[in-house]
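Taking it in order: structure first as structure tokens, then the write-up.
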Amino acid sequence: MKAAALALLLAAAVPAHACGVCAEDKVAATYDHRSVQEALARGRVVVYCEVTGLRDVQRARQAAARVRGVDARSVRVSAEPAALSFVLDPKQQPAPAAVLALQAALPPGARLAILKVEGGAP
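Right under this line is the structure:
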């Protein structure tokens, strides 16, 4: 009986794998705890975006680093799932405006969608 119970517990303890489809997985793909903590302490926000239609996500990293208010050192990208995050000074411009500016710098067909904005006014 104990062996059967142990076998059942071990079978149930199989590690879960990220699906890469849900927003949480895309946020997690570019999450950096230290960056988030430093950003929040400085009154910044962290913006997480889904990236579609862009083969080379490094292009998004380069473009994001040039957007007004974005901390260039904070830009994180993930190829799979395709995602991007960055720290933004909301006094320079709000997150939607920064994402629109970044979108305009990307090739035609590439799209960004905000998944989450962390920080800002409570």
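Residue numbers for the sequence shown, in mature numbering (1 follows the signal peptide of the UniProt record, and there is no 0): -18 to -1, 1 to 104. We put the beta carbon where it would ideally sit given N, CA and C, even for glycine. Only a predicted model underlies this, so the values are computations on that prediction, with no experimental measurement involved.
Any non-hydrogen atom of the ligand ZN within 8 Å of residue i CB
{"i": "Gly35", "result": "This structure lacks the ligand ZN, and indeed carries no ligand of any kind."}
Counterpart residues of residue i in DSSP-defined beta bridges
{"i": "Leu94", "result": "Val33"}
Endpoints, the alpha helix (DSSP H) within which residue i is located
{"i": "Arg26", "result": "Segment: none, Arg26 is in no alpha helix (DSSP H) and carries neither H nor E."}
{"i": "Asp7", "result": "5 to 12"}
Nearest-angstrom beta carbon gap, residue j and residue i [assumed within contact, 8 Å]
{"i": "Leu88", "j": "Arg41", "result": "7 Å"}
{"i": "Ala95", "j": "Cys31", "result": "6 Å"}
At what residue ranges does the stretch 37 to 102 contain a whole run of the alpha helix (DSSP H), taking only runs of 4 or more?
39 to 47, 77 to 87
Are at least three pairs of beta-carbons, each pair with one atom in the stretch 21 to 36 and one in the stretch 72 to 86, less than 8 Å apart?
yes
Counting beta carbon pairs with one atom in the stretch 6 to 15 and one in the stretch 52 to 69, are three or more of them shorter than 8 Å?
yes
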